[in-house]
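Protein chains in written order, with the numbering used here: chain A, 5 to 200; chain B, 5 to 200.
Idealized CB from N, CA, C, for every residue including glycine.
Just below is one structure, and these are the notes that go with it.
There are 2 protein chains.
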Amino acid sequence: MTRTSDLPAASRRDHLIQTAGRLFARDGFHATGIDKIILEAGVSKKTLYSHFRSKEELILAVLRVHDSAFRNHFMHDVEKNGRDARDRLAGLFDAAENWFEEPGFYGCIFINAVGEYAQASPPIRSACQDFKNMMRAFILKLCREAGASEPEALADELALLFEGATVTAQVSGSSHAARTAKRAALALIGEHFSRA
Amino acid sequence: MTRTSDLPAASRRDHLIQTAGRLFARDGFHATGIDKIILEAGVSKKTLYSHFRSKEELILAVLRVHDSAFRNHFMHDVEKNGRDARDRLAGLFDAAENWFEEPGFYGCIFINAVGEYAQASPPIRSACQDFKNMMRAFILKLCREAGASEPEALADELALLFEGATVTAQVSGSSHAARTAKRAALALIGEHFSRA
DNA sequence: GAGCAAGGAAACAGATCTGTTTCCCGATGC
DNA sequence: GCATCGGGAAACAGATCTGTTTCCTTGCTC
């Protein structure tokens with residue numbers, strides 16, 4: 005008996021999602037076959053299809069987990085650091101830098117998913133839009149807490165910088181874009197407070 | 005005899021690249037099979053493989069054409085509009101808005117290509133990095149012409165805004181991000197000149 | 001120990017993938 | 001008229017894709 009089969013079903017499900025997510029992020033969705041996932045996860049095809057009705061459902065589960073992980077880790081990191089709300093706003097980009105430097109960083113999996121499934125799978129596309137809306141809402145909340153003069157406008161601008169830094173880090177393979185984004189963000193934040 | 009076969013070989017090659025590019029952008033690279041491309045282009049598989057040794061070579065040709073098109077159309081649009089160099093800098097984002105509103109806009113094909121081939125195909129990855137470097141060089145040239153106090157820093161920041169707007173437009177399906185990016189760009193540009 | 005349920009291994013089905021090859025038609029040059 | 005050649009249609013090869021099914025082993029419960 006293998007070690008993985010000792011785990012309870014819920015853990016096995018999580019393990020599959022984690023393995024699939026890593027392969028999807030690294031190699032892409034279409035390029036990652038079911039066979040590769042089960043080989044890497046050490047489970048049988050039967051087990052995978054007992055947890056997920058289709059590959060699309062597995063992808064959606066992966067996206068949901070990434071969504072939660074962002075809520076639980078990234079947002080938490082941002083909120084626990086920084087003395088005041090304005091520091092936390094700029095801290096977005098410190099957290100981004102840490103994210104870019106993680107070994108398994110291959111860009112934003114939601115952006116990659118949109119590239120492969122925007123037309124083919126409306127549910128996947130929706131999941132990606134929902135994630136981006138959540139990010140924007142989080143940044144907006146920070147802007148409000150910081151007392152920005154036009155929180156919506158500032159949030160949109162910072163969200164663009166965040167997206168741009170993520171994509172640039174992915175393509176270039178360097179986390180340097182995070183520092184550039186932070187510098188630009190500080191300038192934009194300054195503008196939104198000097199008017200007050 | 006079909007109409008396409010009346011065209012000279014060079015035209016047929018271009019036609020294939022254009023058709024493939026449209027399908028790659030809309031549906032993704034792995035999801036677009038050779039059969040779909042030749043059906044849409046109205047040529048036989050033999051013809052396709054007489055022009056391109058493999059699908060990867062076709063993808064690289066598509067990326068090269070997009071690279072050229074950006075040079076010839078996008079850059080030209082930016083440079084012909086705007087009275088002075090500073091206007092042209094902001095005009096980047098007007099051109100972006102026009103781009104986002106084109107019917108066939110499905111995001112930056114280079115970003116999508118990186119998502120699918122970053123690990124699998126170093127040549128494709130390089131082509132995408134080259135494109136981003138060209139964009140950055142173009143923005144830097146505009147910054148220098150405008151007389152920015154720190155042209156490199158400003159170029160990096162504007163490039164991030166440009167990437168972020170492109171991705172946001174792709175995911176949201178709206179060109180609104182271009183206006184947000186322009187607003188942020190004007191603020192950043194202002195900072196880089198007030199110091200002078 | 002008997003029955004039961006979970007899950008691994010692998011065959012299988014049917015579709016699709018990239019890339020090659022064969023055959024044939026039609027246009028063009030001489 | 002005839003030879004040549006480009007190219008379309010389609011078969012083909014071999015691999016891979018998603019998803020199903022079968023068989024068998026193993027551990028648990030009673």
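**OP:** Specify, as a first and last residue, the run of the alpha helix (DSSP H) that residue 166 of chain B falls within.
**Re:** For residue 166 of chain B, the enclosing alpha helix (DSSP H) has its first and last residue at 155 to 176.
Subject >> Pairwise C-alpha distance: residue 54 of chain B and residue 98 of chain A >> reply: 51 Å
Original post:
Closest Cβ-Cβ distance between residue 102 of chain A and chain B: below 9 Å?
Top reply: Answer no: the Cβ-Cβ gap between residue 102 of chain A and chain B never drops below 9 Å.
Original post:
Mind checking whether residue 187 of chain B and residue 157 of chain A have CB atoms under 9 Å apart?
Top reply: The answer is yes: Cβ separation under 9 Å.
Original post:
Does any residue of chain B bring its CB to less than 9 Å from the CB of residue 71 of chain A?
Top reply: no
**OP:** Would you check if the segment 66 to 79 of chain A and the segment 113 to 123 of chain A touch, i.e. whether three or more CB-CB distances between them fall below 8 Å?
**Re:** The segment 113 to 123 of chain A vs the segment 66 to 79 of chain A: in contact.
Original post:
What are the residues of the segment 97 to 121 of chain A that lie near chain B, defined by any Cβ-Cβ distance shorter than 7 Å?
Top reply: 110, 111, 115, 116, 118, 119 and 120
**OP:** Taking a Cβ distance cut-off of 9 Å, strictly less, list which residues of the segment 162 to 174 of chain A are near chain B, in chain order.
**Re:** Going along the segment 162 to 174 of chain A in chain order, one finds 162, 163, 164, 165, 166, 167, 168, 169, 170, 171, 172 and 174 with a Cβ nearer than 9 Å to chain B.
Original post:
Alpha carbon to alpha carbon, what distance is there between residue 56 of chain A and residue 128 of chain A?
Top reply: 15 Å
Original post:
How about residue 89 of chain A and residue 144 of chain A: do their beta carbons lie closer than 9 Å?
Top reply: At least 9 Å separates the beta-carbon of residue 89 of chain A from that of residue 144 of chain A.
**OP:** Taking C-beta pairs closer than 7 Å, name the residues in chain A that residue 184 of chain B reaches, listed in chain order.
**Re:** 160, 161 and 164
Original post:
DSSP on residue 88 of chain B, reduced to helix/strand/coil?
Top reply: coil
Original post:
Can you name the residues of chain B whose CB is closer than 7 Å to the CB of residue 31 of chain A?
Top reply: 123 and 124
Original post:
Nearest CA to the CA of residue 50 of chain A: which residue from A:91, A:170, A:106 and A:16?
Top reply: Closest by C-alpha distance to residue 50 of chain A, out of A:91, A:170, A:106 and A:16, is A:16.
Original post:
What's the gap between the Cα of residue 107 of chain B and the Cα of residue 96 of chain B?
Top reply: Rounded to the nearest angstrom, the gap between the Cα atoms of residue 107 of chain B and residue 96 of chain B is 19 Å.
Original post:
Which of helix, strand or coil does DSSP assign to residue 55 of chain A?
Top reply: helix
Original post:
Hey, how far is the Cα of residue 117 of chain A from the Cα of residue 170 of chain B?
Top reply: 15 Å
Subject >> Residue interval of the alpha helix (DSSP H) (run including residue 44 of chain A) >> reply: 38 to 45
**OP:** Out of B:154, B:140 and B:62, state which residue places its alpha-carbon closest to the alpha-carbon of residue 19 of chain B.
**Re:** B:62
**OP:** Run down chain B in chain order and give the residues with a C-beta less than 8 Å from the C-beta of residue 150 of chain A.
**Re:** Taking a Cβ-Cβ cut-off of 8 Å, residue 150 of chain A has no neighbours in chain B, whose nearest Cβ is about 17 Å from it.
Original post:
Along the chain, where does the alpha helix (DSSP H) that runs through residue 127 of chain A open and close?
Top reply: For residue 127 of chain A, the enclosing alpha helix (DSSP H) starts and ends at 126 to 150.
Original post:
Are the C-beta of residue 62 of chain B and some C-beta of chain A separated by less than 9 Å?
Top reply: False, the Cβ-Cβ gap to chain A never drops below 9 Å.
**OP:** Look at residue 172 of chain A and residue 163 of chain A and say whether their C-beta atoms are less than 9 Å apart.
**Re:** no
Original post:
CB residue 201 of chain A to CB residue 152 of chain A, shorter than 9 Å?
Top reply: This structure does not reach residue 201 of chain A, given that chain A is present from 5 up to 200, and the question cannot be answered.
**OP:** Identify, in the order they occur along the chain, each residue of the same chain with its Cβ nearer than 8 Å to the Cβ of residue 134 of chain B, setting aside the five sequence neighbours on each side.
**Re:** The beta carbon of residue 134 of chain B sits closer than 8 Å to the beta carbons of 71 from its chain, once the five residues preceding and following it are set aside; these are given in chain order.
Original post:
Would residue 194 of chain B pass as a contact of residue 165 of chain A if the rule is Cβ separation under 9 Å?
Top reply: no
Subject >> residue 60 of chain A - DSSP class collapsed to helix/strand/coil >> reply: helix
Original post:
Does the distance from the C-beta atom of residue 136 of chain A to that of residue 176 of chain B stay below 9 Å?
Top reply: Yes, the pair counts as a contact, with Cβ atoms nearer than the cut-off.
Original post:
Does residue 176 of chain A get closer than 9 Å to chain B when you measure Cβ to Cβ?
Top reply: yes
Original post:
residue 160 of chain A: buried (16+ other C-beta within 10 angstroms of its C-beta) or exposed?
Top reply: buried
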